[in-house]
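Contents: one structure, followed by commentary.
Protein chains: 2
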Amino acid sequence: MDIDIHDFRDIDPGDRVLMGPGPSNVPARVIQAMSAPCVGHLDPYFLSVMDETQSLLRFLFQTDNPLTIPVSGTGSAGMETCFVNLVEPGEEVVVGINGFFGTRMTDIVRRVGGQLIRVDGEWGRAIDPEAVRRAVQGRSPKLFAFVHAETSTGVCQPLEDIASIAHESGALLLVDMVTSLGGMEVGVDSIGIDAAYSGTQKCISCPPGLAPISFSPAAVKALDSRKNPVASLYLDMSMLRSYWGPERKYHHTAPINMVYALREALRIVAEEGLEERFARHHLNHKALVAGIEAMGLAMFVPEPERLPTLNAIRIPDGVDDMKVRKALLNDFGIEVGGALGDLKGQIWRVGLMGHSSCRKNVFTFLSGLESILRSQGVKVRAGALEAASAVYAEA
Amino acid sequence: MDIDIHDFRDIDPGDRVLMGPGPSNVPARVIQAMSAPCVGHLDPYFLSVMDETQSLLRFLFQTDNPLTIPVSGTGSAGMETCFVNLVEPGEEVVVGINGFFGTRMTDIVRRVGGQLIRVDGEWGRAIDPEAVRRAVQGRSPKLFAFVHAETSTGVCQPLEDIASIAHESGALLLVDMVTSLGGMEVGVDSIGIDAAYSGTQKCISCPPGLAPISFSPAAVKALDSRKNPVASLYLDMSMLRSYWGPERKYHHTAPINMVYALREALRIVAEEGLEERFARHHLNHKALVAGIEAMGLAMFVPEPERLPTLNAIRIPDGVDDMKVRKALLNDFGIEVGGALGDLKGQIWRVGLMGHSSCRKNVFTFLSGLESILRSQGVKVRAGALEAASAVYAEA
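Going line by line, the protein sequences match chains E and X.
All letters in the first sequence, in the order written, are residues 209 to 603 by the working numbering.
All letters in the second sequence, in the order written, are residues 209 to 603 by the working numbering.
Here it is, written out as structure tokens:
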């Protein structure tokens, strides 16, 4: 336990171009807001910040749900919050599994004592709603849980049909929006999603530390009708509701400065406008894909199922995953992600999220990757920058 | 869900003198460190920050425990982490209850399925170790859980005798250090504490958002010998250990900027030195008490059982709690805390924690309180500032 204080230098991370699976780069305004003086968690000023943050979150989730708050943990805490509040021991839960985060959902269902109904899909493909329909035939699950944007593979899961099947079965629909919220249409109310969660450090471009969550009136009813206490006090939405709602009942000390940061990041989202923001994410994604394919590389996910926010690129045969990522980081300051689980060594995960989704980053990455692959003796076709430029010229 | 962006102004909390039950005021260096560029949660630079933060936390906890990390939630998440990892359904847990946070422990024990053995004490007094001994006679609890610094009452619980009784019973000892860590001796290793948790926003003077935790080798052994999965994936210490340890296995996206802030706040603690820091907290507390008593007001807790970090002052008969606190906040920018639970309206909770524990704050508070009480027609004796000054003169 003895230390020498001289071993600890000033913090100095250097500048990174954050194009991994999150965090994304944080705008200066968000950092400035986060640096405002800390006040108490029941200070009248902070209470107004809480109310405004809730309004801005409703705007982003495209919902009127009163119970829309940031939970004081990261995106994984958001996932856990939804399951621990909405599932009681013995209740059936349908989980769509086509990646790391769907798999994690099954782990959480087991821990909360739910009965799992698996709908397995291929990693890198969306799940077929017909498979969902077959899986629930003759059963009455409490909850359907699907990942909208599977960060581990770059797959976008269409939700409309699944929402219909869930509601026909009398079940609630829970959706993971960690890598979609703020970067693409989520339509909580229009699709009929009962519980949604996300993280702050992806398409919202706020530092990690909070998990935005929204519960529909039906989800709140399920919460209020529980027979057993919620296993987690920290994540108990009925207690969190009393702190974030008009009662202002002490539950825990909210991460004040993180909430300042989130509010500012959401203000930036609202200033840009949702449609404009989604169009920007889509355009930069298209340009990246055009460049990658022009280079002779291939995307992992077939075209109609790709996320605009997380681009999974197949690593060409014989190319060393780590060697390329290290060179990107050390020579270009660019972070991209490796794969999780069985896909390790097979794909790179390139995020274009929030503030990081910009034309400059698309070109910095394409040129950096091309240069590194060439210097490592990998055959690459010319023309990536031309192809990406053409996408912007057409827009 | 429609909003008008013009309704949301720049963040501007104003300056507060934070003398409530936390958060305390945050030094500028901590804010600066928190504002450094965000990097990825597996970035080599961040991994070195994680290692350094762990070393600094071990120094602060006064322990060699390898498993010493900040959990990605606030102090309440720290409490839950300890119980959910160390208690399995049906196991007996001794809880000392003499305030709000001891009471909260009983709620968590119930949620994790533990069998509660209560040791009730008076709110405002330490718990008698003999009552603990009697409560566990003939039983073999898995865990003893006590609050070192009861934030709701200002009581300091001596731990040496309780540690002996716990270990004689073959149980682990868990201690809540939310309002003591960084402000007074905690001696995790010297006392023989098996699990300890705290928050960052009190005597460490970092913004809220992380919960420092330390597990002894015996606690780790209990974790490794579990028969049931830990009910929480987010707070599962065996998974967190794989991320914070040499494996660096992805578990969740750590709150990067909060960890920067914590590391800097701990560096400041180490530069000051533990003994010097504890002496400072003690001195400012003594001066505050001298001033309060000179004014004719009374402390809630008898002298030998008082915390130096959280000072509970009895509200004189006929004085309006809220009116005084509002005047302190609006006219002096001073935040102090009201009471929790049954003590509501009976005490003020005045924190002198971390950066907020300074001579200036003692005098600002004493003069502000005296002025407000006088202007509200309350009879107050003269001489508070003289009495407080005498304490500093003697030191």
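In this text, a Cβ means the ideal position worked out from N, Cα and C, and glycines have one as well.
Predicted model, so just to flag it, every value in this text is computed and none were measured.
Assigned exposure category for residue i - 16 Cβ within 10 Å defines buried
i	result
N519 of chain E	buried
E288 of chain E	buried
N569 of chain E	buried
P512 of chain E	exposed
R631 of chain X	In the structure as shown, chain X starts at 209 and stops at 603, and residue 631 of chain X therefore has no counterpart that could be examined.
E455 of chain E	exposed
N465 of chain E	buried
P510 of chain E	exposed
D444 of chain E	buried
D384 of chain X	buried
H214 of chain X	exposed
S256 of chain E	exposed
E330 of chain X	exposed
Beta-carbon proximity list for residue i, same chain, < 8 Å, skipping 5 on both sides
i	result
R574 of chain X	Per the sequence shown, the amino acid found at residue 574 of chain X is Leu instead of Arg. Correct list, in chain order: L496, G499, I500, M503, A592, L593, A596.
R589 of chain E	A502, M503, G504
Q262 of chain E	T276, I277, W452
Q240 of chain X	E472
Rounded separation between residue i and residue j - CA only
i	j	result
F216 of chain E	K531 of chain X	46 Å
M447 of chain X	E260 of chain E	35 Å
W452 of chain X	I277 of chain X	7 Å
S372 of chain X	L226 of chain X	37 Å
M209 of chain X	C414 of chain E	21 Å
V549 of chain X	E543 of chain X	Residue 549 of chain X is actually Gly in this sequence, not Val. Using only the alpha carbons, I get a separation of about 19 Å.
T311 of chain X	D328 of chain X	10 Å
H489 of chain X	P252 of chain X	37 Å
V234 of chain E	R485 of chain E	16 Å
P437 of chain X	R318 of chain E	9 Å
G417 of chain E	A339 of chain E	35 Å
S583 of chain E	A535 of chain E	10 Å
E393 of chain E	D315 of chain X	40 Å
V320 of chain E	R557 of chain E	31 Å
P274 of chain E	R237 of chain E	28 Å
E358 of chain E	L382 of chain E	14 Å
Beta-carbon contacts of residue i that lie in its chain and below 7 Å, excluding the five residues immediately before and after
i	result
S377 of chain X	V344, S348, P349
P337 of chain E	D369, I370, I373
K494 of chain X	V599
P231 of chain X	Q409, P415, P416
Start and end residues, alpha helix (DSSP H) containing residue i
i	result
D384 of chain X	Note, D384 of chain X: premise wrong, no alpha helix (DSSP H); beta strand (DSSP E) at 380-384.
S422 of chain E	No alpha helix (DSSP H) holds S422 of chain E; the beta strand (DSSP E) holding it covers 419-423.
Q240 of chain E	236-242
W452 of chain E	445-452
G286 of chain X	283-294
A520 of chain E	Note, A520 of chain E: premise wrong, no alpha helix (DSSP H); beta strand (DSSP E) at 518-522.
Beta-carbon proximity list for residue i, same chain, < 6 Å, skipping 5 on both sides
i	result
S450 of chain E	K457
G228 of chain X	E543, V544, G545, G559
Run of the beta strand (DSSP E) containing residue i, from where it starts to where it stops
i	result
Y405 of chain X	403-405
R326 of chain E	323-328
R582 of chain X	Not the beta strand (DSSP E): R582 of chain X falls in the alpha helix (DSSP H), residues 567-583.
P278 of chain E	275-279
E602 of chain E	Where E602 of chain E is concerned, there is no enclosing beta strand (DSSP E), although the alpha helix (DSSP H) it sits in stretches over 592-602.
E479 of chain X	Counting along the chain, E479 of chain X falls outside any beta strand (DSSP E), though it belongs to the alpha helix (DSSP H) covering 464-480.
A353 of chain E	351-355
V303 of chain E	300-305
Contact test: residue i Cβ vs the ligand FAD heavy atom, cutoff 7 Å
i	result
V295 of chain X	Of the ligands one can find in the structure shown there are none, so the ligand FAD has no counterpart to examine.
Interface residues of chain E facing residue i [CB-CB closer than 8 Å]
i	result
E543 of chain X	V247, G248, D251
E479 of chain X	I213
Proximal residues of chain X, C-beta to C-beta of residue i below 7 Å
i	result
Q409 of chain E	T461
V234 of chain E	C246
A371 of chain E	Simply none; closest approach about 18 Å.
Y458 of chain E	L548
D223 of chain E	P245
T282 of chain E	S280, H460, T461, P463
P231 of chain E	C246, G248, T461, I464
Residue i: contacting residues in chain X (beta-carbon distance under 9 Å)
i	result
A439 of chain E	V292, R319, V320, G321, A439, S440
D272 of chain E	M209
Proximal residues of chain E, C-beta to C-beta of residue i below 9 Å
i	result
E393 of chain X	Within 9 Å Cβ-Cβ: nothing; E393 of chain X doesn't reach chain E, min ~13 Å.
M466 of chain X	P415, P416, G417, P463, N465, M466
F571 of chain X	Near F571 of chain X there are no residues of chain E at all, since even the closest Cβ is about 21 Å away, more than 9 Å.
Within chain E, partners of residue i - CB distance below 7 Å
i	result
I316 of chain X	L441
I239 of chain X	S243
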